[in-house]
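Here the sequence shown stands for residues 165 to 433, where the numbers follow full-length UniProt numbering.
Ideal Cβ placement from N, Cα and C applies to all residues, glycine included.
Reading through the structure tokens given below for one structure.
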Amino acid sequence: LELPKKSEGGVNLVTYEDIGGLGTQVQRIREMIELPLKYPEIFDRLGVEPPKGVFLYGPPGTGKTLIVRAVARETDAYFINISGPEIMGKFYGESEARIRNIFAEAEAHAPSIIFIDEIDAIAPRREDMGGEKQVEKRVVAQLLSLMDGLKSRGKVIVIGATNIPNAIDPALRRPGRFDREISVSVPDRNGRLEIIHIHTRGIPLSDDVDLGRIADITHGFVGADLEALAREAAMTALRRILPKIDFELSEIPYELLTQLEVTMENFLD
Ligand code: ATP
Numbered sequence: 165l166e167l168p169k170k171s172e173g174g175v176n177l178v179t180y181e182d183i184g185g186l187g188t189q190v191q192r193i194r195e196m197i198e199l200p201l202k203y204p205e206i207f208d209r210l211g212v213e214p215p216k217g218v219f220l221y222g223p224p225g226t227g228k229t230l231i232v233r234a235v236a237r238e239t240d241a242y243f244i245n246i247s248g249p250e251i252m253g254k255f256y257g258e259s260e261a262r263i264r265n266i267f268a269e270a271e272a273h274a275p276s277i278i279f280i281d282e283i284d285a286i287a288p289r290r291e292d293m294g295g296e297k298q299v300e301k302r303v304v305a306q307l308l309s310l311m312d313g314l315k316s317r318g319k320v321i322v323i324g325a326t327n328i329p330n331a332i333d334p335a336l337r338r339p340g341r342f343d344r345e346i347s348v349s350v351p352d353r354n355g356r357l358e359i360i361h362i363h364t365r366g367i368p369l370s371d372d373v374d375l376g377r378i379a380d381i382t383h384g385f386v387g388a389d390l391e392a393l394a395r396e397a398a399m400t401a402l403r404r405i406l407p408k409i410d411f412e413l414s415e416i417p418y419e420l421l422t423q424l425e426v427t428m429e430n431f432l433d
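Have a look at this one:
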């Protein structure tokens, strides 16, 4: 089990600036997670309980993981990233012990964030589970009791992400558990424009590139699709100069490098 710490190893180098089209969601996650982790005294003073669990739901590739990484970096919280299928699969049979260890580790290093991606794999609706699914039932019960028992409220926050919110055991959503939700949706035209700006930041674009037009015609694309689009356009541009590369040389001539530009056509290909 990988436990990337704080902002080490490049895993966590995401900032809010790298997130496009999710202004409202970022704002809410900052209030719900960054504030209590950084300034628990605000919540004490207000007499309001900070959250223990937050659900992020929305289609794949819309930026759920990205938001969590950004908030972990921003708060400098101890960050534990696990995935539901990984817990249930690789560690089958020792899943409950794994979850217990993760919570113990998080409490020991608080402030911490436990991020459970694809939480539906750990905590499917109990009534959907047949008699042979005893392990899943025990894992759900274990997760609930660990959350109920969290001592350092506000200092350990569990974030669960899922593409299918209705597949989650409703017991998880009761007050004191995952009682806040943030929906991360497919970006609209302006969201797409922000995202495409982010993913072309490092790419040399020719003057004819009209990012607004790209945003207009990419209806239905999520962040991950737009990232792939920018990468593909860059690779198409590379293929154009590939025949001119002399592989005998140890370095690409500067002149050739300056010809490496991504055009509108490369995006439309
Ligand atoms: P999944 O449900 O499949 O885990 P996810 O919602 O967690 O998906 P991410 O892993 O956050 O999606 O997104 C994948 C990649 O797509 C990101 O690393 C990022 O490069 C890009 N991306 C997704 N959404 C955005 C966004 N809103 N702004 C900028 N980039 C984005």
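Where Val304 falls: helix, strand or coil (DSSP): Within the sequence shown, the letter at position 140 stands for residue 304. Of the three classes helix, strand and coil, the one that applies to Val304 here is helix, per DSSP.
Val212: buried (16+ other C-beta within 10 angstroms of its C-beta) or exposed? Along the sequence shown, one-based indexing puts residue 212 at 48. When all chains shown are included, Val212 counts as exposed.
Which residue or residues does DSSP assign as beta-bridge partners of Asn245? Start at 1 with the first residue of the sequence shown, and residue 245 comes out as number 81. Asn245 is bridged to Phe279.
Do Val386 and Val350 have their C-beta atoms within less than 7 angstroms of each other? Locating residue 386 in the sequence shown gives position 222, counting from the first residue. Locating residue 350 in the sequence shown gives position 186, counting from the first residue. Yes.
Are there any heavy atoms of the ligand ATP lying less than 6 angstroms away from the beta-carbon of Ala285, as far as the coordinates show? Your numbering for residue 285 matches position 121 in the sequence shown. Every heavy atom of the ligand ATP is 6 angstroms or more from the Cβ of Ala285, so no.
Whole angstroms is fine: what's the gap from Ile328's alpha carbon to Glu282's? Numbered from its first residue, the sequence shown carries residue 328 at position 164. Numbered from its first residue, the sequence shown carries residue 282 at position 118. Answer to the nearest angstrom: the Cα atoms are 9 angstroms apart.
Ignore the nearest five residues each way along the sequence and tell me which others in residue 115's own chain have a CB closer than 6 angstroms to its CB. There is no way to answer for residue 115, as the model of the chain reaches only from 165 to 433.
Does DSSP put Met267 in a helix, a strand or coil? Translated into positions along the sequence shown, residue 267 becomes position 103. Contrary to the premise, residue 267 reads as Phe rather than Met in this sequence. It is helical.
Starting from Val322, follow its DSSP beta bridges and name the residues at the other end. For the purposes of this step, residue 322 is identified with residue 158 of the sequence shown, where counting begins at 1. Beta-bridge analysis with DSSP links Val322 to Gly217 and Ile278.
Just to confirm, are Val178 and Ala241 a CB contact at a threshold of 7 angstroms? In the sequence shown, counting from the first residue as 1, residue 178 sits at position 14. In the sequence shown, counting from the first residue as 1, residue 241 sits at position 77. No, Cβ-Cβ distance for Val178 and Ala241 is not below 7 angstroms.
Touch check for the stretch 356–366 and the stretch 391–409: three-plus C-beta pairs under 8 angstroms? yes
What do you get for Asn245, buried or exposed, if any count of 16 or more other CB atoms within 10 angstroms of its CB means buried? Working through the sequence shown from its first residue, we reach residue 245 at position 81. Here Asn245 is buried, its C-beta having at least 16 other C-beta atoms within 10 Å.
Through-space distance from Lys319 to Arg192, alpha-carbon basis: Translated into positions along the sequence shown, residue 192 becomes position 28. Translated into positions along the sequence shown, residue 319 becomes position 155. When rounded, the separation of the alpha-carbon atoms in Arg192 and Lys319 is 17 angstroms.
Residues near Pro223 by beta carbon distance below 7 angstroms, same chain, minus five either side: Looking up residue 223 in the sequence shown gives position 59. Correct list, in chain order: Asn327, Val350 and Val386.
Nearer than 6 angstroms: is that true of the beta carbon of Thr427 relative to any heavy atom of the ligand ATP? Your numbering for residue 427 matches position 263 in the sequence shown. Outside the cutoff, so no.
Cβ of Gly184 within 7 angstroms of Cβ of Ile359? Within the sequence shown, the letter at position 20 stands for residue 184. Within the sequence shown, the letter at position 195 stands for residue 359. Closer than 7 angstroms, so yes.
Taking the continuous alpha helix (DSSP H) assigned at Asp380, which residues delimit it? Taking the sequence shown and counting its residues from 1, the one referred to as residue 380 is at position 216. Element bounds for Asp380: Leu375 to Asp380.
Could you please give the first and the last residue of the uninterrupted alpha helix (DSSP H) stretch that includes Phe342? Locating residue 342 in the sequence shown gives position 178, where the first residue counts as 1. Careful: Phe342 lies outside any alpha helix (DSSP H), inside the beta strand (DSSP E) at Phe342 to Ser347.
Which whole-angstrom value describes the C-beta separation of Glu304 and Asp333, a residue pair presumed to lie in contact below a C-beta threshold of 8 angstroms? Position 140 of the sequence shown, counted from the start, is the residue given in the question as residue 304. Position 169 of the sequence shown, counted from the start, is the residue given in the question as residue 333. Checking the displayed sequence, the identity of residue 304 turns out to be Val instead of Glu. About 5 angstroms; that satisfies the 8 angstroms criterion.
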